Amino acid sequence: MNILTDRIQELSRPLEPLPTGTALCLKPLDDIDTVLFDIYGTLLISGSGDVGTAAATDSSEALVQSLIVSGYEGDHERAGELGPGLLRTEIEHWHEIARDAGTDYPEVEISRVWKKLIQRFQSLEILKHDDDPMRIERLAVEYECRVNPVWPMPAAQSTIENLQARGFRLGIVSNAQFYTPLIMETLFGKPLEELGFEPNLCVFSYKALRAKPSIELFQTLETKTDWSKTLYVGNDMLNDIWTASQVGCRTCLFAGDRRSLRLRKKDKHCKHLAADAVVDHLHQITEMV
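Each position in the sequence shown, counted from 1, maps to that position plus 36 in my numbering.
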């Protein structure tokens, strides 16, 4: 393990999902050969309900602690006061530039955002000069683990193992950052590929620089797949169910945790949308396919 995975392990604590009371729809899903998953709120319980950058959690104390343990020198309290707002502004600025360039739902690469923020602190003489890229990654991990604690969803690993053993191809299409695969590897005990996920069937928003509900995120999969034989599992009716349905996937709404379930009843895309299946425990997927 390296320092990043060590810190993820040290900062992670067990979480339990909160029941949703959502009506289930459990029925056989025939002719499925590929299962794609969302991560936050589906494979991982998420304390904020989403990847931390999307949740936009403001936490001055989390930033102060993260700067200190990452080794930055300077006025940590002042950085903590200004940082969350500056972080949000910087993310919005990157989004605006990308939208102007034609990206429908932009995503940032968070280490670049943190680099800009550190440079801003240095220009304001709040922090001493330090451009070590590994320190920036450490800072990003420290902050994320504090503002968005995560833990494996019950039966996530056994569900993945069951599907793999039965010959299903497994992949991921998820809003994520560079630390997301590291978090999965740390908490599940294996890299994604060893868990059974095919690299060519995995797409992360930070690499594509676009996020769900962009349909193009699905279309960037390196391996062509028959969408009609693909089941997509996620916890958000817009980002997951609507987006996956637009490319022709079969869909399964995971309604297992009140923190992250997003029904989006007022969204124009979701008003009359229904998933092919609705589960509140991941093992139920293995009983339908």
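Where a beta carbon is used, it is the ideal one built from N, C-alpha and C, also for glycine.
Predicted, not measured: the structure shown is a model, and the values here were computed from it.
In terms of residues, what are the limits of the beta strand (DSSP E) holding residue 313?
Taking the first residue of the sequence shown as position 1, residue 313 is located at position 277. That run of the beta strand (DSSP E) goes 313-315.
Inter-residue CB distance, residue 206 and residue 234 (contact presumed, cutoff 8 angstroms):
Locating residue 206 in the sequence shown gives position 170, where the first residue counts as 1. Locating residue 234 in the sequence shown gives position 198, where the first residue counts as 1. Residue 234 and residue 206 do touch by the CB rule: their CB atoms are close to 7 angstroms apart, below 8 angstroms.
Please report how far the alpha carbon of residue 121 lies from the alpha carbon of residue 115, in whole angstroms.
Position 85 of the sequence shown, counted from the start, is the residue given in the question as residue 121. Position 79 of the sequence shown, counted from the start, is the residue given in the question as residue 115. If you take the alpha carbons of residue 121 and residue 115, they lie about 10 angstroms apart.
Go to residue 130, then tell me how far its alpha helix (DSSP H) extends in each direction, as first and last residue.
Residue mapping note: residue 130 aligns to position 94 of the sequence shown, counting from 1. Per DSSP, residue 130 belongs to the alpha helix (DSSP H) from 112-136.
Please decide whether residue 281 counts as near chain B, where near means a Cβ-Cβ distance under 8 angstroms.
No chain B is present in this structure, which holds just one protein chain.
Straight-line CA distance for residue 46 to residue 40?
Position 10 of the sequence shown, counted from the first residue, corresponds to residue 46. Position 4 of the sequence shown, counted from the first residue, corresponds to residue 40. Put simply, the backbone Cα of residue 46 is about 10 angstroms away from that of residue 40.
Residues bridged to residue 287 (per DSSP):
Here residue 287 refers to the residue found at position 251 of the sequence shown. Per DSSP, 268.
Would residue 53 and residue 142 qualify as a contact pair, given that the criterion is a beta-carbon distance under 8 angstroms?
As a working note, residue 53 is residue 17 in the sequence shown. As a working note, residue 142 is residue 106 in the sequence shown. Result no, Cβ atoms of residue 53 and residue 142 do not sit closer than 8 angstroms.
Is the separation between the beta-carbon of residue 56 and that of residue 225 shorter than 8 angstroms?
On the sequence shown, position 20 is the one that residue 56 refers to. On the sequence shown, position 189 is the one that residue 225 refers to. One thing to note: residue 56 has its Cβ no nearer than 8 angstroms to the Cβ of residue 225.
Beta carbon of residue 273, beta carbon of residue 309: below 8 angstroms?
Residue numbering aside, residue 273 sits at position 237 when the sequence shown is read from its first letter. Residue numbering aside, residue 309 sits at position 273 when the sequence shown is read from its first letter. Contact: yes.
Between the alpha carbons of residue 98 and residue 176, how many angstroms are there, rounded?
Locating residue 98 in the sequence shown gives position 62, where the first residue counts as 1. Locating residue 176 in the sequence shown gives position 140, where the first residue counts as 1. If I take the Cα positions, the gap works out to 11 angstroms.
Residues that residue 185 bridges to, as DSSP identifies them:
As a first step, residue 185 must be located in the sequence shown, where it is residue number 149. According to DSSP, which records beta bridges pairwise, residue 185 is partnered with nothing at all.
From the DSSP output, read off the bridge partner residues of residue 210.
To locate residue 210, count along the sequence shown from 1; it is residue 174. 240.
Complete beta strand (DSSP E) runs within the region 145-206 (minimum length 3 residues, chain order):
Within the region 145-206, the complete beta strand (DSSP E) runs of at least 3 residues are 186-188.
One question on the structure: do residue 241 and residue 264 come within less than 8 angstroms of each other, judged by their Cβ atoms?
For this step, residue 241 is matched to residue 205 along the sequence shown. For this step, residue 264 is matched to residue 228 along the sequence shown. Not closer than 8 angstroms, so no.
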